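>
Protein chains: 2
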Amino acid sequence: MIESLLLKLRKRDVVSPDEEQALRDLITEVEDIPARKTVVRRGEPLNRSILLIEGLMCRQKDLRSGDRQITALHVAGDFLDLHGFTLKQLDHDVMALSPCRVAYARHDLLTRLTEVHPHLTRLLWFSTNLDAAMHREWELSLGQRTGAARAAHLFCEVYTRLQIVGRLDDEAYALPMNQSELGECLGLTVVHTNRVLRELRELGFVQFTRGRVVIEDIEGLKAYAEFDPTYLYLDSTPR
Amino acid sequence: MIESLLLKLRKRDVVSPDEEQALRDLITEVEDIPARKTVVRRGEPLNRSILLIEGLMCRQKDLRSGDRQITALHVAGDFLDLHGFTLKQLDHDVMALSPCRVAYARHDLLTRLTEVHPHLTRLLWFSTNLDAAMHREWELSLGQRTGAARAAHLFCEVYTRLQIVGRLDDEAYALPMNQSELGECLGLTVVHTNRVLRELRELGFVQFTRGRVVIEDIEGLKAYAEFDPTYLYLDSTPR
DNA sequence: CGTTATATTGAAGTGCGTCAAAAAGTGTGG
DNA sequence: CCACACTTTTTGACGCACTTCAATATAACG
């Protein structure tokens with residue numbers, strides 16, 4: 001159940017059998033979530049954090065005009081709102097993009113964990129810092145990259161993250177969202193998102209059709225996006 | 001020396017005298033940094049984190065074209081790279097925008113702190129999560145707000161953050177950067193930044209001249225920017 | 001099979017970038 | 001105090017990336 005989480009963490013540091021057990025003990029109830037359901041609403045008090053076991057979720061903020069920005073994507077093995085453990089409420093919504101399976105980690109157990117497992121605590125802390133690193137890369141994309149490069153970069157990032165947790169299907173993967181939602185990740189309208197996707201397709205880099213990404217030329221795509229995975233911290237270092 | 005940090009933390013939770021002392025013991029050497037100096041370079045191994053005592057610093061990422069994005073601003077009381085404690089190296093540079101005074105917190109002492117002070121650890125964890133919340137709000141700005149609203153929002157955010165640490169000078173404050181650097185925060189060119197500033201001035205909201213922000217109508221500015229400080233977590237809650 | 005969501009294309013408009021130059025401010029040395 | 005060089009701000013003209021509005025095509029679904 002926490003296998004993807006372990007894959008993710010062990011890519012970055014050693015997790016002892018003891019710590020693995022502590023994580024297993026942390027996770028209680030499992031639940032299935034339908035697509036499009038909001039699982040955490042901004043401002044609501046939190047007493048547990050959610051681990052994504054299967055599916056695709058996102059964090060989003062919106063303006064009064066209704067314009068939305070998706071600020072993060074989450075794949076299997078990610079905590080959706082571990083930051084909520086110290087923040088106690090979120091500044092944004094968390095929504096399922098596909099049908100998902102999640103598990104819950106109660107905050108009182110997490111508090112206990114911080115008192116008993118300092119190294120594991122630092123690892124969980126690391127994992128929220130990793131989210132922040134991705135936010136920064138998205139800021140760079142939104143502020144400086146062209147629409148096409150932004151899309152290309154996103155495809156590279158998700159490719160890399162899914163690879164870690166074994167969700168790549170050869171050179172393709174599931175990205176269950178429509179072009180409108182993809183546009184909300186990229187800060188583009190649906191119409192322009194569609195044009196940008198055509199460009200990437202015509203360049204022979206990648207195809208995105210009905211929630212599925214097929215990579216045709218990963219090296220070309222990475223070069224085009226200036227994708228440098230440093231910000232994903234893929235080295236195993238004592239944290 | 002850590003007074004601004006204490007103001008910042010105590011705005012969000014209780015810091016016991018014991019914990020205050022632990023923080024004081026954490027901070028060793030103090031140093032003065034000249035403007036424009038890069039204090040942390042991406043990729044370099046870190047064994048300490050930096051607390052900003054006085055001045056303005058930023059985090060920045062760039063593309064090969066030379067286009068830069070400033071992903072965060074830091075004021076007195078902020079840790080510049082506390083995330084570096086668990087990341088062990090940064091994915092971006094940290095640079096002084098003005099002459100600054102900083103103090104250092106060694107990572108071995110921080111590790112020790114996590115083993116002895118779980119609640120304080122959670123508070124420091126919180127503070128990195130707060131940085132992430134600001135990153136998300138900037139993503140919303142960069143992705144969805146117009147240039148003028150983005151600038152207005154930034155002025156509101158810094159106004160609020162400086163207020164907490166007592167650096168407001170009536171309805172004005174120091175923001176020691178030029179229009180080019182402001183543009184790099186906003187994802188705009190200098191030229192357009194200049195036009196956006198004129199617009200905000202003509203609307204009677206705010207003036208930005210030679211590194212100084214003079215707020216003329218804070219309520220108007222907040223409304224214009226749709227500034228909602230929820231994401232700054234200004235309530236005192238047990239973390 | 002009809003209904004609704006999603007994708008695609010076209011045409012026209014706009015926010016912001018680019019290029020270029022002038023104006024204003026700042027710092028330094030004489 | 002001025003002279004000079006340099007940085008920063010400001011403005012104008014023009015171009016482009018992206019948006020908006022609108023219509024059609026295609027896929028998904030009960």
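Chains as they are written, first to last, in full-length UniProt numbering: chain A, 1 to 239; chain B, 1 to 239. Glycine included, C-beta positions come from ideal geometry on N, C-alpha and C. Just so we're clear, the structure is a prediction, and the values are computed from it rather than from any experiment.
(1) Tell me which residue opens and which closes the beta strand (DSSP E) that R101 (chain B) is part of.
(2) Hey, is the stretch 189-199 of chain B in contact with the stretch 144-163 of chain A, meaning 3+ C-beta pairs nearer than 8 Å?
(3) Using a C-beta cutoff of 8 Å, does G66 (chain A) count as contacting chain B?
(4) Using a Cβ cut-off of 9 Å, which residues of the stretch 38-49 of chain B contact any Cβ in chain A, in chain order?
(5) Please specify which runs of the alpha helix (DSSP H), each continuous and at least 4 residues long, are wholly inside the UniProt domain "HTH crp-type" (145-219) of chain B, giving them in chain order.
(6) For S141 (chain A), count neighbouring Cβ atoms within 10 angstroms of its own Cβ and tell me buried if that reaches 16, exposed if not.
(7) In terms of alpha-carbon separation, which member of B:C100, B:D62, B:T86 lies closest to W125 (chain A)?
(8) By a C-beta neighbour count over all protein chains shown, 10 Å radius and 16 as the cutoff for buried, is G55 (chain B) buried or exposed?
(9) Tell me, please, which residues DSSP counts as bridged to K222 (chain A).
(10) Between I164 (chain B) and the rest of its own chain, which residues show a CB-CB distance below 8 Å, the 5 nearest in sequence each way excluded?
(11) Could you tell me if T114 (chain B) is buried or exposed, where buried requires 16 or more neighbouring beta carbons within 10 angstroms of its beta carbon?
(12) What do you get for A152 (chain B), buried or exposed, if any count of 16 or more other CB atoms within 10 angstroms of its CB means buried?
(13) Verify the CB distance criterion: does D91 (chain A) have a CB-CB separation below 8 Å to chain B?
(14) Starting from the C-beta of T189 (chain B), find all residues in its chain whose C-beta is less than 7 Å away, skip the five residues before and the five after it, and write them out in chain order.
(15) Is the shortest distance between the beta-carbon of A133 (chain A) and the beta-carbons of chain B less than 8 Å?
(16) Counting only runs that start and end within the stretch 1-54 of chain A, where is the alpha helix (DSSP H) found for 4 or more residues in a row?
(17) Check whether chain A comes within 8 Å of R10 (chain B), counting only Cβ atoms and requiring the distance to be less than that.
(18) Tell me the DSSP secondary structure of residue 243 (chain B) in three-state form.
(19) Assign A105 (chain A) to buried or exposed, taking buried as 16 or more other Cβ atoms, counted over all protein chains shown, within 10 Å of its Cβ.
(20) Report back the beta-carbon spacing between V40 (chain B) and I33 (chain B) to the nearest angstrom; my notes put them in contact at under 8 Å.
(21) Which term fits Q21 (chain B), buried or exposed, when burial requires 16 or more other beta carbons within 10 angstroms of its beta carbon?
(22) Who are the neighbours of L168 (chain B) on chain A, taking C-beta pairs under 8 Å?
(23) Please decide whether L6 (chain B) counts as near chain A, where near means a Cβ-Cβ distance under 8 Å.
(24) If you measure from the beta carbon of G220 (chain B) to each beta carbon in chain A, is any gap under 8 Å?
(25) Could you tell me the boundaries of the alpha helix (DSSP H) in which L87 (chain A) lies?
(26) Taking the straight line between their C-alpha atoms, what separation do you get for G166 (chain A) and Q179 (chain B)?
(27) In the structure shown, what three-state DSSP assignment does R136 (chain B) receive?
(28) Going by beta carbon distance, what residues of the same chain come within less than 6 Å of residue 240 (chain A), once the five residues before and after it are set aside?
(29) Using beta carbons (cut-off 8 Å, strictly below), is P118 (chain A) in contact with chain B?
(30) Here's the rule I'm using: 16 or more other beta-carbon atoms within 10 Å means buried, otherwise exposed. How should G204 (chain A) be labelled?
(31) Examine chain A for any beta-carbon lying closer than 8 Å to the beta-carbon of H74 (chain B), and answer yes or no.
(32) In the structure shown, what three-state DSSP assignment does V94 (chain A) receive?
(33) Can you round the beta-carbon distance between I2 (chain A) and L80 (chain A) to whole angstroms, since I take them to be within the 8 Å contact cut?
(34) Nearest to V213 (chain B) by CA position, among B:Y173, B:S16, B:S4, is which residue?
(35) At which residues does the beta strand (DSSP E) containing R59 (chain A) begin and terminate?
(36) Could you tell me the boundaries of the beta strand (DSSP E) in which L80 (chain A) lies?
Taking the coordinates as given:
(1) Reading the second sequence from its first residue, position 101 is the one you call residue 101 (chain B). Residues 100-106.
(2) No, because fewer than three Cβ pairs between the stretch 189-199 of chain B and the stretch 144-163 of chain A fall closer than 8 Å, the two stretches do not touch.
(3) Locating residue 66 (chain A) in the first sequence gives position 66, counting from the first residue. G66 (chain A) is outside the set of residues whose beta carbon lies under 8 Å from a beta carbon in chain B.
(4) Cβ contacts with chain A: R42, G43.
(5) Note on the UniProt domain "HTH crp-type" (145-219) of chain B: whole alpha helix (DSSP H) runs with a minimum of 4 residues are 147-164, 179-186, 190-202, in chain order.
(6) Position 141 of the first sequence, counted from the first residue, corresponds to residue 141 (chain A). Buried.
(7) Here residue 125 (chain A) refers to the residue found at position 125 when the first sequence is read from its first residue. Looking at the Cα atoms, B:T86 is the closest of the given residues.
(8) As a working mapping, residue 55 (chain B) is identified with position 55 in the second sequence. Buried, because 16 or more other Cβ atoms sit within 10 Å of the Cβ of G55 (chain B).
(9) Residue 222 (chain A) sits at position 222 when you count from the first residue of the first sequence. Paired residues: none, contrary to the question.
(10) Taking the second sequence and counting its residues from 1, the one referred to as residue 164 (chain B) is at position 164. Shown here for I164 (chain B): same chain residues with a beta carbon closer than 8 Å to its own, the five before and five after excluded, namely L7, K8, K11, G77, L234 in chain order.
(11) For the purposes of this step, residue 114 (chain B) is identified with residue 114 of the second sequence, where counting begins at 1. Buried, since its Cβ has 16 or more Cβ neighbours within 10 Å.
(12) Residue numbering aside, residue 152 (chain B) sits at position 152 when the second sequence is read from its first letter. The residue is buried, with at least 16 neighbouring Cβ atoms inside 10 Å.
(13) Stepping through the first sequence from its first residue, residue 91 (chain A) is reached at position 91. In terms of beta-carbon proximity, D91 (chain A) lines the interface with chain B, with at least one pair separated by less than 8 Å.
(14) Locating residue 189 (chain B) in the second sequence gives position 189, where the first residue counts as 1. Around T189 (chain B): G183.
(15) By 1-based counting over the first sequence, the position of residue 133 (chain A) is 133. It does: the Cβ of A133 (chain A) has a partner Cβ on chain B nearer than 8 Å.
(16) 3-10, 17-26, all fully within the stretch 1-54 of chain A.
(17) Translated into the one-based positions of the second sequence, residue 10 (chain B) becomes position 10. With 8 Å as the cut-off, R10 (chain B) does not count as an interface residue toward chain A.
(18) Because residue 243 (chain B) is not part of the residues shown, which for chain B are 1 to 239, the question remains open.
(19) Here residue 105 (chain A) refers to the residue found at position 105 when the first sequence is read from its first residue. Looking at its Cβ environment, which holds 16 or more other Cβ atoms inside 10 Å, A105 (chain A) is buried.
(20) The residue you call residue 40 (chain B) lines up with position 40 of the second sequence. The residue you call residue 33 (chain B) lines up with position 33 of the second sequence. The pair is not a contact, with the Cβ atoms about 11 Å apart (cut-off 8 Å).
(21) The residue labelled residue 21 (chain B) in the question sits at position 21 within the second sequence. It is exposed - the Cβ of Q21 (chain B) has fewer than 16 other Cβ atoms within 10 Å.
(22) Stepping through the second sequence from its first residue, residue 168 (chain B) is reached at position 168. In chain A, no part has a C-beta under 8 Å from the C-beta of L168 (chain B); the shortest such distance is about 23 Å.
(23) Here residue 6 (chain B) is taken as the residue at index 6 of the second sequence, counted from 1. Cβ-Cβ to chain A under 8 Å: no for L6 (chain B).
(24) As a position in the second sequence, residue 220 (chain B) is number 220, starting the count at 1. So, not an interface residue.
(25) In the first sequence, the residue the question calls residue 87 (chain A) occupies position 87. Membership of L87 (chain A) in the alpha helix (DSSP H) is indicated by the continuous run 84-87.
(26) For the purposes of this step, residue 166 (chain A) is taken as residue 166 along the first sequence, with counting starting at 1. For the purposes of this step, residue 179 (chain B) is taken as residue 179 along the second sequence, with counting starting at 1. Their Cα atoms are separated by approximately 46 Å.
(27) For the purposes of this step, residue 136 (chain B) is taken as residue 136 along the second sequence, with counting starting at 1. R136 (chain B): helix per DSSP, three-state reduction.
(28) With chain A represented from 1 up to 239, any question about residue 240 (chain A) goes unanswered, as that position is not in the structure.
(29) Translated into the one-based positions of the first sequence, residue 118 (chain A) becomes position 118. At least one chain B Cβ lies under 8 Å of P118 (chain A).
(30) In the first sequence, residue 204 (chain A) corresponds to position 204, counting from 1. Its Cβ having fewer than 16 others within 10 Å, G204 (chain A) is exposed.
(31) As a first step, residue 74 (chain B) is located in the second sequence; it is residue number 74 there, counting from the start. It does not; no Cβ of chain A falls within 8 Å.
(32) Residue 94 (chain A) sits at position 94 when you count from the first residue of the first sequence. Correct three-state label for V94 (chain A): strand.
(33) By one-based count along the first sequence, residue 2 (chain A) stands at place 2. By one-based count along the first sequence, residue 80 (chain A) stands at place 80. In fact, because the Cβ distance is near 14 Å, the residues do not count as touching under 8 Å.
(34) Position 213 of the second sequence, counted from the start, is the residue given in the question as residue 213 (chain B). When only C-alpha atoms are compared, the closest one is B:Y173.
(35) Mapped onto the first sequence, residue 59 (chain A) falls at position 59. Note, R59 (chain A): beta strand (DSSP E), 57-62.
(36) Here the question's residue 80 (chain A) lines up with position 80 in the first sequence. Per DSSP, L80 (chain A) belongs to no beta strand (DSSP E) and is neither H nor E.
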